[in-house]
Amino acid sequence: MVNRIMLNETSYFGRGSREKVAEEILNRGYQKILVVTDYNLMDNGLVKMVTDILDNNGINYCTYFHIKQNPTVNNVKEGVAFAGENGIDAIVAVGGGSAIDTAKAISIIMNNPEHNEVVTLEGAVQTRVKGVPLIALPTTAGTAAEVTINYVITDENHMKKMVCVDPHDIPVCSIIDPDLMQGMPQQLAAATGMDALTHAMEGYITKAGWLIPDIFHINAMALIYKNLEKAANDKDNIAVEKMAYAQYIAGMGFSNVGLGIVHSMAHSLGAFFDTPHGIANALLLPHVLRFNGEVCPDLFRNMGKAFGLNMKGLSDKEAVEEVVEAVQELSRRLGVPQHLRDIGIPEEMLLALAEQAINDPCTPGNPRDVTVDDIHNIYKEAY
Ligand SMILES: NC(=O)c1ccc[n+]([C@@H]2O[C@H](COP(=O)([O-])OP(=O)(O)OC[C@H]3O[C@@H](n4cnc5c(N)ncnc54)[C@H](O)[C@@H]3O)[C@@H](O)[C@H]2O)c1
Ligand SMILES: [Fe+2]
Numbered sequence: 332m333v334n335r336i337m338l339n340e341t342s343y344f345g346r347g348s349r350e351k352v353a354e355e356i357l358n359r360g361y362q363k364i365l366v367v368t369d370y371n372l373m374d375n376g377l378v379k380m381v382t383d384i385l386d387n388n389g390i391n392y393c394t395y396f397h398i399k400q401n402p403t404v405n406n407v408k409e410g411v412a413f414a415g416e417n418g419i420d421a422i423v424a425v426g427g428g429s430a431i432d433t434a435k436a437i438s439i440i441m442n443n444p445e446h447n448e449v450v451t452l453e454g455a456v457q458t459r460v461k462g463v464p465l466i467a468l469p470t471t472a473g474t475a476a477e478v479t480i481n482y483v484i485t486d487e488n489h490m491k492k493m494v495c496v497d498p499h500d501i502p503v504c505s506i507i508d509p510d511l512m513q514g515m516p517q518q519l520a521a522a523t524g525m526d527a528l529t530h531a532m533e534g535y536i537t538k539a540g541w542l543i544p545d546i547f548h549i550n551a552m553a554l555i556y557k558n559l560e561k562a563a564n565d566k567d568n569i570a571v572e573k574m575a576y577a578q579y580i581a582g583m584g585f586s587n588v589g590l591g592i593v594h595s596m597a598h599s600l601g602a603f604f605d606t607p608h609g610i611a612n613a614l615l616l617p618h619v620l621r622f623n624g625e626v627c628p629d630l631f632r633n634m635g636k637a638f639g640l641n642m643k644g645l646s647d648k649e650a651v652e653e654v655v656e657a658v659q660e661l662s663r664r665l666g667v668p669q670h671l672r673d674i675g676i677p678e679e680m681l682l683a684l685a686e687q688a689i690n691d692p693c694t695p696g697n698p699r700d701v702t703v704d705d706i707h708n709i710y711k712e713a714y
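Residue numbers for the sequence shown follow the numbering used here, so the first one is 332 and each next one is one higher.
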């Protein structure tokens with residue numbers, strides 16, 4: 332058995348580490364940078380925290396920010412055209428998963444123009460060459476898109492989130508600066524943190540799991556369980572910093588082994604109803620865990636221990652339930668919506684959501700084999 336691990340060439344961690352962006356650009360000899368971000372981050376001053384550094388170092392750049400949450404094929408196409416017009420040779424992404432994923436798609440298409448129809452990139456596609464070099468600075472503590480080999484783009488014509496898996500998209504450099512995450516509104520910190528917890532837990536129990544990613548996942552989930560509430564609800568400086576690293580550690584794991592049906596089911600919700608990714612995961616996670624617990628109770632015992640729960644003397648069923656309840660309780664304390672009906676999902680759409688989720692690239696990694704009926708039932712439980 333041969334296993335592969337892919338990570339960034341270089342990554343920086345720490346408050347103020349964003350300053351390293353100039354050094355990396357200058358040392359690598361890039362001449363013109365495309366900054367990829369979104370409207371909100373232009374508005375709230377976060378992008379300026381990075382572009383000021385470019386300005387102070389005389390670095391030439393232009394900015395593309397026509398990106399919505401759950402970014403679309405059209406957002407990518409416009410970005411590719413803008414990049415082409417401006418003759419850029421490297422990209423700096425500043426933002427959450429939406430900005431970083433769009434940057435990855437632009438980077439791939441620029442160097443592999445035969446994929447200018449973005450939909451041809453769906454799934455595990457063998458592109459010819461690496462994308463345009465990308466430096467990623469995450470502003471949310473959730474997706475770990477700065478270290479993963481995946482990006483997720485919504486095909487608005489088919490109401491579908493395309494999961495694109497391609498080692499050629501991995502950022503050459505990522506800069507994890509907790510200062511860029513400190514100001515997240517409570518709801519955003521809570522939702523993105525629950526996304527990170529989902530990565531750690533789904534990555535740990537996925538079929539492809541093995542020793543090295545397991546180490547990342549167990550440590551990530553321990554850190555997230557202990558720090559997410561303090562980071563999101565109290566904006567505690569140390570907890571925010573630990574969440575920044577924990578979500579990255581989870582990314583080091585899941586990017587190399589895949590996920591499971593929490594993500595498949597969340598992708599359908601994002602595609603049909605534009606549900607924020609973290610909210611969708613948080614809401615579905617306890618229900619999917621309960622379903623999966625039947626086939627891997629020992630892994631649930633390990634996850635419970637990572638959370639610091641007392642798992643001694645519990646039957647398999649009780650051990651699974653202990654972990655599920657801990658996750659549900661955390662999500663309640665964070666004020667995350669608990670039912671699909673609370674976020675306006677029509678009950679009559681649940682079957683259509685399930686029919687799409689069964690074909691998601693994350694589904695085969697789920698530890699328990701599933702049918703459309705199983706997924707439909709889990710949606711109904713979450714309703
Ligand atoms: N590439 C991957 O491996 C991967 C993994 C999981 C999810 N995703 C994808 O990432 C996307 C979700 O990304 P996300 O959860 O990071 O959210 P996001 O990028 O969609 O951002 C959500 C909103 O929060 C705002 N925001 C971001 N940082 C902020 C900050 N520090 N302060 C204030 N506002 C801020 C953004 O402007 C945006 O309006 C989804 O499309 C999801 O499918 C990708
Ligand atoms: Fe995710």
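Backbone N, C-alpha and C fix where the C-beta goes; we use that ideal spot for every residue, glycine too.
Just so it is clear, the structure is predicted and the values come from calculations on it, not from any experiment.
Original post:
Based on Cα-Cα distance, which residue from Leu-640, Ile-480, Ala-563, Leu-615 lies nearest to Leu-684?
Top reply: Closest by alpha carbon: Leu-615.
Original post:
What do you reckon, is the C-beta of Leu-372 under 8 Å from a heavy atom of ligand 1?
Top reply: Remark: the C-beta of Leu-372 is in contact range of ligand 1, defined as less than 8 Å to any heavy atom.
Original post:
DSSP on Met-493, reduced to helix/strand/coil?
Top reply: In the displayed model, Met-493 falls within a strand according to three-state DSSP.
Original post:
Counting along the chain, where does the alpha helix (DSSP H) carrying Lys-711 start and finish?
Top reply: First-last of the alpha helix (DSSP H) with Lys-711: 703-713.
**OP:** Using DSSP bridges, identify the partner residues of Asn-550.
**Re:** In DSSP, Asn-550 forms no bridge with anything.
Subject >> Contact test: Gly-514 Cβ vs ligand 1 heavy atom, cutoff 8 Å >> reply: Relative to ligand 1, the nearest heavy atom lies less than 8 Å away from the CB of Gly-514.
Original post:
Apart from the five residues just before and just after Ala-527, which ones in its own chain have a Cβ nearer than 6 Å to its Cβ?
Top reply: Closer than 6 Å at Cβ, skipping near neighbours: Gly-473, Ile-555, Gln-578, Ala-581.
Original post:
Is the beta carbon of Val-463 sitting closer than 9 Å to the one on Ala-414?
Top reply: Result yes, Cβ atoms of Val-463 and Ala-414 sit closer than 9 Å.
Subject >> Neighbour-count burial assignment, Met-337, 16 or more Cβ in a 10 Å radius >> reply: Exposed, by the Cβ-count rule.
Original post:
Expressed to the nearest angstrom, what Euclidean distance is found between the alpha-carbon atoms of Arg-632 and Pro-544?
Top reply: The alpha-carbon atoms of Arg-632 and Pro-544 are separated by roughly 18 Å.
Original post:
Taking Cβ positions, are Gly-584 and His-548 nearer each other than 9 Å?
Top reply: Yes, the pair counts as a contact, with Cβ atoms nearer than the cut-off.
**OP:** On a CA-only basis, which of Gly-675, Val-593, Ile-384 is nearest Thr-529? Give me that one, please.
**Re:** In terms of CA proximity to Thr-529, Val-593 leads the group Gly-675, Val-593, Ile-384.
**OP:** Check whether the region 343-353 touches the region 401-419, taking contact to mean three or more Cβ pairs, one atom from each stretch, closer than 8 Å.
**Re:** In this structure the region 343-353 does not touch the region 401-419; the number of beta carbon pairs closer than 8 Å is below three.
Original post:
Roughly how many angstroms lie between the CA atoms of Leu-600 and His-670, to the nearest whole one?
Top reply: So the alpha carbons of these two residues sit roughly 13 Å apart.
Original post:
Would you call the CB atoms of Val-503 and Glu-340 closer than 9 Å?
Top reply: Yes, the pair counts as a contact, with Cβ atoms nearer than the cut-off.
Original post:
Under a Cβ-count criterion, where at least 16 other Cβ atoms within 10 Å of its own Cβ denotes burial, should Tyr-392 be classed as buried or exposed?
Top reply: Looking at its Cβ environment, which holds 16 or more other Cβ atoms inside 10 Å, Tyr-392 is buried.
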